[in-house]
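Data block below; observations after.
Residue numbers (my numbering): 2 to 363.
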């Protein structure tokens, strides 16, 4: 039986499943026309022109094939904000969006501004400075996509925007940052959907795999993998960095399915009044501490966490930070401030602004 938790979230025992487009679609004008377009970039058709041909209010769907050598903008942050647009490759296939050859490594490939109920499905986004930028209160779900080989960052989510990653979405080899969440941004990593084994993956970034900064939130549910990030100096890099009054929840309903591993520096670093919550997480073989808590930060440890092979301590705290919860089997710990809560109950949900049901795969 589903268990209802938080703000309109339906939780199943195996994970949180979210219908990402429904709330914004309900706000669309009653007279809005739905359009379904196809674009074949291999034949010289333009994805950008197809987007521009649509009314601002959907629901609209564009099915794209081939490699589209152009930048894409959805919403302009001024007069035009779009609602209800899905851009997808056909089922079982992928389509690529990348800048023209002369512009490789520059600019943003897909820029989404002031737009809601936007869906990206089975797309490969590569070759810019930033692969996908989501800003100005935009809401975007990213299903079964690959964001790779961008020079600075894979995905940025900022200015009160929200993003959902699901369907074994992969973010890899994007310069310094895999996923950068800042200035009130929120990102959900929904592992285990649609298949129970579908794990989202973030790997191969020189500073941080995931960065959560400036009053932002990242929430992981189900199987997710954060690995092989941080080739820069260990004192700066980490698998996940949480800073400046931000929060991380890394929750799995089954032990051994969610992993933070083989990163240079700590697996997770939290600093400046930030918080982390872990349940059923595997944190292993990072060159620094498994978890490092600094500058008035708090780590809350629920049941089922496994630490092994980390370079210094399983958990380390500076004098102002705290480790709280069920620390059974976690060693060595270097924390002066510890509050033990045996058999601390594992969370069953993500707790804030999750939506109702799985996204519809068009």
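Backbone N, C-alpha and C define an ideal beta-carbon position, used for all residues, glycine too.
Could you give the first and the last residue of the continuous beta strand (DSSP E) run that contains residue i?
i	result
residue 173	171–173
residue 280	276–280
residue 202	201–204
residue 270	269–272
residue 191	187–191
residue 84	84–89
residue 326	323–326
residue 290	First-last for residue 290: undefined, no H or E at that position.
residue 195	Looking at the DSSP string, residue 195 is not in any beta strand (DSSP E), and its letter there is neither H nor E.
residue 336	Note, residue 336: premise wrong, no beta strand (DSSP E); not H, not E.
residue 36	36–41
residue 77	That residue, residue 77, is in no beta strand (DSSP E); it is neither H nor E in DSSP.
residue 223	Segment: none, residue 223 is in no beta strand (DSSP E) and carries neither H nor E.
residue 60	58–66
residue 96	96–99
residue 250	248–252
residue 72	Careful: residue 72 lies outside any beta strand (DSSP E) and carries neither H nor E.
residue 300	299–302
residue 118	117–122
residue 238	It is not in any beta strand (DSSP E) - residue 238 carries neither H nor E in the DSSP assignment.
Can you tell me where the alpha helix (DSSP H) with residue i in it begins and where it stops?
i	result
residue 331	It is not in any alpha helix (DSSP H) - residue 331 carries neither H nor E in the DSSP assignment.
residue 51	48–53
DSSP beta-bridge partners for residue i?
i	result
residue 262	228 and 285
residue 127	149
residue 213	182 and 243
residue 318	294
residue 137	Paired residue(s): none; residue 137 is not in a bridge.
residue 164	141 and 188
residue 256	For residue 256, which the question treats as bridged, DSSP gives no partner whatsoever.
residue 1	Lying outside 2 to 363, the shown extent of the chain, residue 1 is not represented and no answer is given.
Ignore the nearest five residues each way along the sequence and tell me which others in residue i's own chain have a CB closer than 8 Å to its CB.
i	result
residue 238	207, 208, 209, 230, 231, 232, 264, 265 and 266
residue 343	327 and 329
residue 296	272, 273, 274, 319, 321 and 322
residue 43	66, 67 and 68
residue 70	42, 99, 100, 101 and 102
residue 337	318 and 320
Could you check whether residue j and residue i sit closer than 9 Å to each other, using their CB atoms as the reference points?
i	j	result
residue 100	residue 76	no
residue 283	residue 262	yes
residue 199	residue 168	yes
residue 258	residue 192	yes
residue 249	residue 271	yes
residue 120	residue 97	no
residue 161	residue 179	no
residue 376	residue 177	The requested residue 376 is not part of the displayed model; the chain covers only 2 to 363.
residue 125	residue 95	yes
Leaving aside the five residues before and after residue i along the sequence, list all residues of the same chain whose C-beta is less than 6 Å from its C-beta, in chain order.
i	result
residue 187	163 and 218
residue 28	Its pLDDT being 40, under 50, residue 28 is placed unreliably by the model, and the measurement read from it follows with that caveat. The answer is none, since no qualifying residue turns up.
residue 134	109, 112 and 157
residue 268	240, 261, 284, 287 and 291
residue 173	149, 204 and 205
residue 37	62
residue 276	248 and 299
residue 278	250 and 301
residue 137	78, 114, 115 and 160
residue 226	200, 202 and 260
residue 224	192, 193, 200, 258 and 259
Output needed for residue i: all residues of its chain with C-beta closer than 7 Å, excluding positions within five of it in sequence on either side, in chain order.
i	result
residue 313	289 and 290
residue 32	With a pLDDT of 44 at residue 32, under the threshold of 50, the predicted position of this residue should be treated as unreliable, though the coordinate-derived value follows. Cβ neighbours of residue 32 beyond the five flanking positions: none.
residue 332	315
residue 340	323 and 325
residue 305	256, 280, 281 and 347
residue 211	179, 180, 203, 219, 227 and 241
residue 39	64
residue 105	128
With contact counted as at least three CB pairs below 8 Å, one residue from each stretch, are the stretch 113–120 and the stretch 146–156 in contact?
-> no
Count the C-beta pairs between the stretch 57–73 and the stretch 85–93 that are closer than 8 Å, then say yes if the count reaches three, no if not.
-> yes
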